[in-house]
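Read top to bottom, the protein sequences are chains C and L.
Numbered per this note's numbering, the first sequence spans residues 165 to 358.
Numbered per this note's numbering, the second sequence spans residues 4 to 246.
Using N, Cα and C, we set each Cβ at its ideal position, and we do this for glycine too.
One structure is given below, encoded as structure tokens.
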Amino acid sequence: MDGHANWITGRNEAVTKRVFDKEADRRRAFNELAETYGVDLYRYAMWICGNDALARDLIQETFLRAWKALESLQDKGAAKSWLITILRREYARTFERKVPQFTDVETIDPPDERELGPDDQAEIRNLRAGIMQLPPKYREPLLLQVVMGLSCDEIAEKLNVSKNAVMTQLFRAREQLKERLQRDGVTGNVHGLF
Amino acid sequence: MSMDYSDYKRWLGADPTSQDADFLAARHASPEFEQAAREADAFERKLNHALRIDAPTEFMADLLDIAQPARGTEPVARRRWMPIALAAALLMAVGAAGVAWNLNRGSGMVEEYLVAHYAMDGAQLEAMAAGHSATNVEAILAELRYAAQPEFAALIGFVKHCPTPDGKGVHMVLNTERGPVTVILMPSTSVADRSSRLENGMEARIVSLSRGSIAVMGMNSVVVEELAASVRESILPAAGAPA
Numbered sequence: 165m166d167g168h169a170n171w172i173t174g175r176n177e178a179v180t181k182r183v184f185d186k187e188a189d190r191r192r193a194f195n196e197l198a199e200t201y202g203v204d205l206y207r208y209a210m211w212i213c214g215n216d217a218l219a220r221d222l223i224q225e226t227f228l229r230a231w232k233a234l235e236s237l238q239d240k241g242a243a244k245s246w247l248i249t250i251l252r253r254e255y256a257r258t259f260e261r262k263v264p265q266f267t268d269v270e271t272i273d274p275p276d277e278r279e280l281g282p283d284d285q286a287e288i289r290n291l292r293a294g295i296m297q298l299p300p301k302y303r304e305p306l307l308l309q310v311v312m313g314l315s316c317d318e319i320a321e322k323l324n325v326s327k328n329a330v331m332t333q334l335f336r337a338r339e340q341l342k343e344r345l346q347r348d349g350v351t352g353n354v355h356g357l358f
Numbered sequence: 004m005s006m007d008y009s010d011y012k013r014w015l016g017a018d019p020t021s022q023d024a025d026f027l028a029a030r031h032a033s034p035e036f037e038q039a040a041r042e043a044d045a046f047e048r049k050l051n052h053a054l055r056i057d058a059p060t061e062f063m064a065d066l067l068d069i070a071q072p073a074r075g076t077e078p079v080a081r082r083r084w085m086p087i088a089l090a091a092a093l094l095m096a097v098g099a100a101g102v103a104w105n106l107n108r109g110s111g112m113v114e115e116y117l118v119a120h121y122a123m124d125g126a127q128l129e130a131m132a133a134g135h136s137a138t139n140v141e142a143i144l145a146e147l148r149y150a151a152q153p154e155f156a157a158l159i160g161f162v163k164h165c166p167t168p169d170g171k172g173v174h175m176v177l178n179t180e181r182g183p184v185t186v187i188l189m190p191s192t193s194v195a196d197r198s199s200r201l202e203n204g205m206e207a208r209i210v211s212l213s214r215g216s217i218a219v220m221g222m223n224s225v226v227v228e229e230l231a232a233s234v235r236e237s238i239l240p241a242a243g244a245p246a
């Protein structure tokens, strides 16, 4: 009887250990996702919604959903794309729910720019304003490419358009920003500094 | 490889960091091609610099809390808190008649926001808060120059920043003996005090503070009223913050 009881206890401990191991693995996988992609996703969210509080909400919601659906992520290599899909879906939902929209990205303190001269700072500010004013169809592929590091093929898949269309949008986005810098005539000593 | 200058410039403008072999070879095809590549590289550096935004460190650290197991099952100090809430409710009832409220918001606009905001993640956050004691209350409130009384803070199972009708606010979930209560702090929204039955069936009590306002939402109207009655003494402007 004692042997049987020990066997049961031992088996329960093994099952408990497996459950805990699985939970620990799950947490580890989640933390890895958050640590690897959290910052880039926050920047991406900031640039698509233009508001710190809403960006935080989007990120929070994105990772909450990711945590709940972690088992559905079979391919670790697809994690970034998976998180972007969740975030974009959440952003679309905020529009459906008529949550008030804000545009305060210009009020967010930029990173330390003390290494830049006044002209360079002015040029960067001008560029930031230009990015905010890009039509969404140009801005979003640009953000996916530069902030999230997606390839043109990945962007095409994400936005459900052809690769050629993405290439055109990216080209026009950059052209508009370059034209803005030339038009406004702010030309810092960028070649020396950057 | 034969790529004309026009095609090359187009590629450079669309995907300047492409690792395609033909494209990489074209960068050195002639001085004209090289010059275009240098200009594109300089623009990319500016673009990357312009897109930099520092992510809030404490917020990113909070993300990891999502995967943390619940710490205990009973909210701390719940029983010590309830008598305070009831006493404050009485004081509130006595003093309410003499208070003039600043009304900047139409009666419905804040309620509409509360319903939309709760629909976004309210129920999920309540589930997350269950059996959990938030450890970041002080930091989240301090960022908006508020502080919470310890008895109130001890009830908070989850807290985060959130959008409100007039800027950044705070979303809190309190664990009470009679279920979760959601509290939204709106630092820049002025309201007239009122109780409302929201479209989603929840009870809400909206209370003005010395700075901003707060909404208490839950399914149990008695709990909502009890918490709302004392919230003005529980959430205070931090030292040095404008009243």
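So that I know if they touch, is there some Cβ in chain L lying closer than 7 Å to that of residue i?
i: residue 224(C); result: yes
i: residue 239(C); result: no
i: residue 246(C); result: no
i: residue 335(C); result: yes
i: residue 338(C); result: yes
i: residue 288(C); result: yes
i: residue 264(C); result: Low confidence applies here, because residue 264(C) scores a pLDDT of 46, under 50, leaving its location unreliable; read the following figure in that light. Yes, residue 264(C) counts as interfacial toward chain L.
i: residue 217(C); result: yes
i: residue 206(C); result: yes
i: residue 324(C); result: no
Under 7 Å between C-beta atoms, does residue i make it to chain C?
i: residue 159(L); result: no
i: residue 17(L); result: yes
i: residue 189(L); result: no
i: residue 112(L); result: no
i: residue 217(L); result: no
i: residue 66(L); result: yes
i: residue 25(L); result: no
i: residue 62(L); result: yes
i: residue 127(L); result: yes
i: residue 183(L); result: no
i: residue 40(L); result: no
i: residue 124(L); result: yes
i: residue 166(L); result: yes
i: residue 69(L); result: yes
i: residue 80(L); result: Note that residue 80(L) scores a pLDDT of 35, beneath 50, so its modelled location is shaky and nothing firm can be said.
Can you give me the C-alpha to C-alpha distance between residue i and residue j, rounded to a whole angstrom?
i: residue 225(C); j: residue 37(L); result: 45 Å
i: residue 334(C); j: residue 235(C); result: 34 Å
i: residue 230(L); j: residue 152(L); result: 13 Å
i: residue 59(L); j: residue 35(L); result: 43 Å
i: residue 122(L); j: residue 173(L); result: 16 Å
i: residue 242(L); j: residue 150(L); result: 8 Å
i: residue 2(L); j: residue 157(L); result: Nothing can be reported for residue 2(L): it is not among the residues displayed for chain L, which extend from 4 to 246.
i: residue 240(C); j: residue 215(C); result: 30 Å
i: residue 29(L); j: residue 11(L); result: 7 Å
i: residue 43(L); j: residue 339(C); result: 11 Å
i: residue 326(C); j: residue 137(L); result: 46 Å
i: residue 227(L); j: residue 209(L); result: 10 Å
i: residue 222(C); j: residue 204(L); result: 25 Å
i: residue 342(C); j: residue 25(L); result: 25 Å
i: residue 293(C); j: residue 203(C); result: 21 Å
i: residue 313(C); j: residue 303(C); result: 14 Å
i: residue 161(L); j: residue 56(L); result: 26 Å
So is residue i buried or exposed if we call it buried at 16+ other beta carbons inside 10 Å?
i: residue 88(L); result: Because the pLDDT at residue 88(L) is just 41, under 50, the model does not fix this residue reliably, and the value given afterwards should be weighed accordingly. When all chains shown are included, residue 88(L) counts as buried.
i: residue 219(C); result: buried
i: residue 82(L); result: Any reading at residue 82(L) must be qualified, since the residue scores a pLDDT of 35, below 50, and its modelled position is unreliable; the value itself is stated next. Exposed: under 16 other Cβ atoms inside 10 Å.
i: residue 355(C); result: Reliability of the predicted coordinates at residue 355(C) is poor, the pLDDT of 35 falling under 50, and no value is obtained from them.
i: residue 232(C); result: exposed
i: residue 8(L); result: exposed
i: residue 23(L); result: exposed
i: residue 347(C); result: exposed
i: residue 179(L); result: buried
i: residue 200(C); result: exposed
i: residue 301(C); result: exposed
i: residue 192(C); result: exposed
i: residue 33(L); result: exposed
i: residue 27(L); result: exposed
i: residue 154(L); result: buried
Next on the checklist: Could you check whether the stretch 190-199 of chain C touches the stretch 35-52 of chain L, counting it as contact only if at least three pairs of C-beta atoms, one from each stretch, sit closer than 8 Å?
Outcome noted: Verdict: no, contact absent.
Next on the checklist: So, does the stretch 175-190 of chain L touch the stretch 120-136 of chain L, judging by three or more C-beta pairs under 8 Å?
Outcome noted: At 8 Å Cβ cutoff, the stretches touch.
Checklist entry - In chain order, which beta strand (DSSP E) runs of at least 3 residues are fully inside the stretch 164-188 of chain L? => result Qualifying beta strand (DSSP E) stretches, in chain order: 170-179.
Item to check | Length-filtered (4 minimum) alpha helix (DSSP H) runs lying within the stretch 276-343 of chain C | outcome: Secondary structure within the stretch 276-343 of chain C: the alpha helix (DSSP H) runs of 4 or more consecutive residues, fully enclosed, are 282-297, 300-310, 316-323 (chain order).
Next on the checklist: Under 8 Å, with one C-beta from each stretch per pair, do the stretch 188-206 of chain L and the stretch 215-224 of chain L reach the 3-pair mark?
Outcome noted: Cβ pair count under 8 Å is three or more, so yes.
Checklist entry - For the stretch 318-329 of chain C against the stretch 211-222 of chain C, are there 3 or more C-beta pairs whose distance is under 8 Å? => result Segments in contact, no.
Next on the checklist: Suppose only complete runs of 4+ residues qualify. What are the alpha helix (DSSP H) ranges in the stretch 9-64 of chain L, listed by chain order?
Outcome noted: Counting whole runs of 4 or more residues, the stretch 9-64 of chain L contains the alpha helix (DSSP H) stretches 24-29, 34-53.
Checklist entry - Are the stretch 160-176 of chain L and the stretch 194-211 of chain L touching, with three or more C-beta to C-beta distances below 8 Å? => result Put simply, the stretch 160-176 of chain L does not touch the stretch 194-211 of chain L. Fewer than three CB pairs are less than 8 Å apart.
Item to check | Cβ pair count under 8 Å reaching 3, the stretch 284-298 of chain C against the stretch 240-256 of chain C | outcome: No, they do not touch.
Next on the checklist: To be precise: take each residue of the stretch 40-59 of chain L, compare its Cβ to all Cβ atoms of chain D, and keep it if any distance is under 7 Å. Which residues remain?
Outcome noted: Reference to chain D is not applicable here, since the protein chains of this structure are C and L.
Next on the checklist: I'd like the ranges of any alpha helix (DSSP H) spanning at least 4 consecutive residues and lying wholly in the stretch 176-256 of chain C.
Outcome noted: The qualifying runs are 216-232.
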